[in-house]
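Residue numbers (the working numbering): 7 to 489.
Don't be surprised by glycine CBs; every beta carbon is placed ideally from N, CA and C.
In this text the structure is predicted, and so the values were computed from the model without any measurement.
Right, one structure below, let's go through it.
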């Protein structure tokens with residue numbers, strides 16, 4: 007009995023020390039972390055090509071299809087004392103062509119889209135976290151195409167679209183990026199796991215290591231190898247200067263390298279932000295068609311303009327080391343007008359104006375179990391009300407939930423999986439809601455920009471494929487970061 011009691015007395019302090027050390031790191035208050043100044047830039051380059059076809063000998067039919075595209079993506083993030091800004095620019099150039107044969111009839115077509123997008127959020131801070139907001143969404147699309155059935159019959163079509171939507175706002179509050187603090191925690195937990203942690207770090211030590219992480223994480227190198235060497239050297243200096251390393255051997259360096267390489271680009275935020283303002287909107291499009299069977303070329307012009315008011319609320323909260331809770335609510339309302347013209351119509355036709363409004367709410371629960379993996383689920387609901395002049399009122403809804411995840415196969419190559427299930431009924435997706443906050447998007451071109459948000463991991467982009475009913479979408483992608 008005495009022997010068992012002695013063993014118990016020895017075991018309890020050992021386990022108590024072990025678990026208290028783990029808890030002291032994971033219990034670091036991420037929600038209270040204040041990030042130092044950040045200047046970060048990233049550029050990604052991508053391309054895709056596919057070819058398919060077939061031939062039915064019995065019916066003398068053949069069909070072939072080729073598609074290729076090139077895309078360039080640029081991202082910039084500033085987190086300074088008086089300025090917080092996010093900029094996203096994308097260039098997309100594509101080409102697709104089909105050529106078919108049915109008995110003696112041959113048919114071919116091509117399509118060459120060019121898409122330029124620019125998106126920015128800029129908040130100029132004053133005292134007590136009050137700010138002026140100047141945001142905007144600018145895009146230009148060029149869509150030349152042609153269809154050919156015979157050598158004499160060739161229909162050409164040319165169209166382009168221009169849209170500008172500035173947001174002018176006032177607000178209070180700030181979302182703090184907490185990635186550097188989480189990375190510091192990951193490094194210390196790895197050292198602890200392999201018994202290379204000399205002492206239990208307190209809050210001030212984690213703060214100091216987080217400042218080093220923030221400084222080296224956003225330092226720019228064009229040669230990625232030299233960047234990694236520099237970063238690991240600085241981390242090693244900081245850890246050893248604070249007396250946190252028990253044994254600086256190959257196990258220590260291997261784990262430091264692994265943890266750092268797979269902890270570069272996840273996004274988590276902490277804070278509350280209220281914002282409201284005005285959204286003037288303008289867009290114009292033009293389509294031309296050259297058909298040899300029609301004596302006069304067809305030409306259509308459309309112009310849309312409107313003004314809206316909006317209010318948005320963001321609450322980003324790191325519940326723990328691994329769990330994140332993000333609540334987003336916004337209300338947008340206003341009026342718009344559309345004018346359409348044909349080639350021979352000088353005055354054009356002014357269509358009835360609309361009053362539109364939309365209320366959005368979403369709550370994302372994110373899970374970051376380690377440095378390579380993210381999983382999140384987001385239930386959301388959007389309600390719309392539309393009133394057309396001299397017509398009735400229309401109420402709409404778009405509600406569902408979305409699952410997002412990623413896994414880093416290598417430090418630069420990321421696998422993304424997402425799925426969305428939703429119910430929609432008479433939903434009006436033409437309201438220019440705050441792109442940094444909205445979760446029930448409907449326009450594919452804008453969705454591509456809204457996926458990259460500085461405050462949350464992967465916002466929802468619920469594309470509406472049906473007017474009334476239940477629908478889903480699923481996506482899979484691989485992405486490689488150049489620098």
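Short Cβ contact (8 angstroms threshold) for residue 386 with residue 368
As a first step, residue 386 is located in the chain shown; it is residue number 380 there, counting from the start. As a first step, residue 368 is located in the chain shown; it is residue number 362 there, counting from the start. Yes, Cβ-Cβ distance for residue 386 and residue 368 is below 8 angstroms.
Use the C-beta contact count for residue 198: other C-beta atoms within 10 angstroms, 16 or more gives buried, fewer gives exposed.
What you label residue 198 is simply residue 192 of the chain shown in a count that begins at 1. Buried.
Could you give the distance in angstroms between the alpha-carbon of residue 54 and the alpha-carbon of residue 148?
As a working mapping, residue 54 is identified with position 48 in the chain shown. As a working mapping, residue 148 is identified with position 142 in the chain shown. Computed Cα separation, rounded: 20 angstroms.
Close-in-space but distant-in-sequence residues of the same chain around residue 101 (CB under 6 angstroms, 5 per side omitted)
The sequence position of residue 101 within the chain shown is 95, counting from 1. The answer, listed in chain order, is 74 and 118.
Counted within 10 angstroms of its Cβ, other Cβ atoms place residue 318 as buried (16 or more) or exposed
Taking the chain shown and counting its residues from 1, the one referred to as residue 318 is at position 312. Residue 318 comes out buried.
Rank 436, 229, 194 and 378 by C-alpha distance to the C-alpha of residue 419 and give the top, closest one.
Translated into positions along the chain shown, residue 419 becomes position 413. When only C-alpha atoms are compared, the closest one is 378.
Using CA atoms only, rank isn't needed, just tell me which of 203, 280 and 122 is closest to residue 321.
On the chain shown, position 315 is the one that residue 321 refers to. Comparing Cα positions, the closest option is 280.
Residues in the same chain with beta-carbon distance under 6 angstroms from residue 409, minus the five sequence neighbours each way, listed in chain order, please.
Residue mapping note: residue 409 aligns to position 403 of the chain shown, counting from 1. For residue 409, where only same-chain residues beyond five positions count, the Cβ hits under 6 angstroms are 383 and 425.
Grab me the residues of residue 478's own chain with a C-beta within less than 8 angstroms of its C-beta, minus the 5 sequence neighbours each way, in chain order.
Residue 478 sits at position 472 when you count from the first residue of the chain shown. Within the same chain, residue 478 has close Cβ partners 425, 426, 427 and 428.
So residue 436 is in the beta strand (DSSP E); what residue range does that whole segment cover?
Counting from one through the chain shown, the residue named residue 436 turns up at place 430. In the DSSP annotation of this structure, residue 436 is not part of any beta strand (DSSP E), being labelled neither H nor E.
Identify whether residue 482 lies in helix, strand or coil by the three-state DSSP scheme.
Within the chain shown, numbered from 1, the residue matching residue 482 stands at position 476. Looking at residue 482 - three-state DSSP - the assignment turns out to be strand.
Cutoff 6 angstroms; reference residue 104; Cβ partners in own chain excluding five residues on either side
Stepping through the chain shown from its first residue, residue 104 is reached at position 98. 71 and 115.
Quick check: the Cα distance between residue 283 and residue 240, rounded to an integer number of angstroms?
Taking the chain shown and counting its residues from 1, one reaches residue 283 at position 277. Taking the chain shown and counting its residues from 1, one reaches residue 240 at position 234. In this structure, the alpha-carbon of residue 283 lies about 44 angstroms from that of residue 240.
Decide yes or no for the touch test of the region 168–176 against the region 129–147: beta carbon pairs closer than 8 angstroms, at least 3 of them.
yes
Given a cut-off of 8 angstroms on the beta-carbon distance, is the pair residue 421 and residue 415 in contact?
Looking up residue 421 in the chain shown gives position 415. Looking up residue 415 in the chain shown gives position 409. In this structure, residue 415 lies closer than 8 angstroms to residue 421 by Cβ.
Jot down the residue ranges of each uninterrupted beta strand (DSSP E) in the region 136–217, minimum 3 residues, whole runs only, in chain order.
136–148, 151–154 and 160–179
Quick one: does residue 145 have its CB under 8 angstroms from some CB of chain C?
Within the model displayed, chain C is absent; a lone protein chain is all it includes.
Go ahead and pull the three-state DSSP assignment for residue 256.
By 1-based counting over the chain shown, the position of residue 256 is 250. DSSP places residue 256 in helix when its eight states are reduced to three.
Based on DSSP bridge pairs, tell me the residues matched to residue 319.
Looking up residue 319 in the chain shown gives position 313. Residue 319 pairs with 280 and 335.
Bounding residues of the beta strand (DSSP E) (the contiguous stretch that carries residue 124)
In the chain shown, the residue the question calls residue 124 occupies position 118. Per DSSP, residue 124 belongs to the beta strand (DSSP E) from 120–131.
Just the Cα atoms here: how many angstroms apart are residue 457 and residue 94?
The residue you call residue 457 lines up with position 451 of the chain shown. The residue you call residue 94 lines up with position 88 of the chain shown. Only weak support exists for where residue 457 lies, its pLDDT of 34 falling under 50; the value from the coordinates is given anyway. Cα-Cα distance, rounded: 10 angstroms.
In whole angstroms, what separates the C-alpha of residue 201 from that of residue 194?
Start at 1 with the first residue of the chain shown, and residue 201 comes out as number 195. Start at 1 with the first residue of the chain shown, and residue 194 comes out as number 188. When rounded, the distance between both Cα atoms is 10 angstroms.
Pick helix, strand or coil for residue 409, following the three-state DSSP scheme.
Here residue 409 is taken as the residue at index 403 of the chain shown, counted from 1. Here residue 409 sits in strand by DSSP.
Would you call the region 183–191 and the region 204–223 in contact, with 3 or more CB pairs under 8 angstroms?
yes
Can you look up residue 97 in the DSSP assignment and give me helix, strand or coil?
Within the chain shown, residue 97 is the residue found at index 91, counting from 1. It is a strand residue.
Can you tell me whether DSSP reads residue 84 as helix, strand or coil?
Within the chain shown, the letter at position 78 stands for residue 84. Three-state result, residue 84: strand.
Let's see if you can read the secondary structure: which residues bound the alpha helix (DSSP H) around residue 238?
On the chain shown, position 232 is the one that residue 238 refers to. It spans 230–247 - the alpha helix (DSSP H) in which residue 238 sits, taken as one unbroken run.
Straight-line gap, residue 192 to residue 392 (C-alpha atoms, nearest Å)
Within the chain shown, residue 192 is the residue found at index 186, counting from 1. Within the chain shown, residue 392 is the residue found at index 386, counting from 1. Distance between the alpha carbons of residue 192 and residue 392 is about 49 angstroms.
Nearest-angstrom Cα distance between residue 87 and residue 181?
Against the chain shown, residue 87 aligns to sequence position 81. Against the chain shown, residue 181 aligns to sequence position 175. Each residue's alpha carbon lies about 12 angstroms from the other.
Alpha carbon to alpha carbon, how far is residue 403 from residue 388?
Translated into the one-based positions of the chain shown, residue 403 becomes position 397. Translated into the one-based positions of the chain shown, residue 388 becomes position 382. Roughly 6 angstroms separates the two Cα atoms.
Which residue wins for smallest C-alpha separation from residue 126, given the options 89, 223 and 430?
Taking the chain shown and counting its residues from 1, one reaches residue 126 at position 120. For the residues 89, 223 and 430, the minimum Cα distance to residue 126 belongs to 89.
Kindly indicate which three-state DSSP category residue 395 falls into: helix, strand or coil?
Here residue 395 refers to the residue found at position 389 of the chain shown. Three-state DSSP puts residue 395 in coil, outside helix and strand.
Alpha carbon to alpha carbon, how far is residue 336 from residue 178? Give it in angstroms, no decimals.
Translated into positions along the chain shown, residue 178 becomes position 172. Translated into positions along the chain shown, residue 336 becomes position 330. Roughly 15 angstroms between the two C-alpha positions.
Going by the CB atoms, is the gap between residue 390 and residue 434 shorter than 8 angstroms?
Position 428 of the chain shown, counted from the first residue, corresponds to residue 434. Position 384 of the chain shown, counted from the first residue, corresponds to residue 390. Taking 8 angstroms as the cut-off, the Cβ atoms of residue 434 and residue 390 count as close.
Starting from residue 429 and walking both ways along the beta strand (DSSP E), at which residues does that stretch end?
Locating residue 429 in the chain shown gives position 423, where the first residue counts as 1. Taken as a continuous stretch (DSSP letters only), the beta strand (DSSP E) holding residue 429 covers 419–431.
Chain-order list of residues whose beta-carbon lies under 6 angstroms from that of residue 412 (same chain, five-residue window excluded):
Within the chain shown, residue 412 is the residue found at index 406, counting from 1. Correct list, in chain order: 380, 420 and 422.
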